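Single-structure report; data block below.
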Amino acid sequence: MSTASLLALALAGLVLVTFPGLCAGTATAHRHFTDCHPSGTLEGPSTGHVCGECCKPGHVYPKYRCSPPVTASTKAVMTLNNFEEGGDGGDPSECDGKYHYNTERVVALSTGWYAKGKRCGKNIRISSKGRSVLAKVVDECDSLHGCDKPHAFQPPCEPNIVDASQAVWDALDITGDEVGDYPITWSDV
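Read in order, the letters of the sequence shown correspond to residues -25 to -1, 1 to 164 in mature numbering (1 follows the signal peptide of the UniProt record, and there is no 0).
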């Protein structure tokens, strides 16, 4: 192997070690390359709440007023939400004041995309893995507030989140270890 080849290989390894989100097109890579920048921070509570996704005491979380521009194929990260009473979604849905069964194809959008409720009750098309599904917007995935009871003690959402019910994941045939943070595209219908 030539010196130039070894140098190129070493440089590529250094880039991947320095920026691990560039590997394999992970959702982490999608989260950090948006046109939306934090508009402030929110400090976690002084005492912790026990759950895997809960805010950590003393941790500082970014807040966002914006979301990336909506296009015919808007890149986003889909997360799993339990919209039922007692689920990890917190309070009833913002759009209709109700809880929703996880068998319904419903979503919550990050604050900027939620657009102060302008998408409430409307369907969006979510696409991934060569499949697409319609889902109704019923809630906001709040990018400005969090770490409290109305937000199930979770941090503010990132600006590019489509928080979807289990029915949406099932319709897209995303199962097992793939469920969590998953890169998708979406559009208005």
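Backbone N, C-alpha and C fix where the C-beta goes; we use that ideal spot for every residue, glycine too. Here the structure is a predicted model, which means the values were calculated and not measured.
For residue i, tell me which candidate among the options has the shortest Cα-Cα distance.
i, options, result
"C116", "T160, Q141, Y39 and S48", "Y39"
"V112", "K104, H126, G121 and Y89", "Y89"
"D71", "R94, G61 and D10", "R94"
"V82", "H34, P44 and L109", "L109"
"G19", "H120, S42 and N77", "H120"
"C122", "K31, D152 and C11", "K31"
"C11", "S42, Q129 and P37", "S42"
"F58", "E153, K97 and Q141", "Q141"
"G33", "V25, Y157, P44 and L17", "L17"
Contact defined as beta carbons within less than 8 Å: I believe residue i pairs with residue j. What is the distance between those atoms, to the nearest angstrom?
i, j, result
"S85", "C132", "5 Å"
"D63", "A139", "Actually they do not touch by this definition, with Cβ atoms about 13 Å apart."
"K104", "I149", "7 Å"
"I101", "V143", "6 Å"
"R106", "L55", "With a Cβ gap of about 17 Å, R106 and L55 do not count as contacting."
"S48", "G87", "At roughly 17 Å, the Cβ-Cβ gap does not stay under 8 Å, so S48 and G87 are not in contact."
Does residue i come out as helix, strand or coil in the three-state DSSP assignment?
i, result
"A51", "strand"
"P158", "strand"
"A146", "helix"
"K111", "strand"
"G19", "coil"
"D152", "helix"
"V164", "coil"
Discussion item. Ignoring anything shorter than 4 residues, give me the alpha helix (DSSP H) runs that lie fully in the region 28 to 90, in order along the chain.
Written reply: Segments of the alpha helix (DSSP H) lying fully in the region 28 to 90: 86 to 89.
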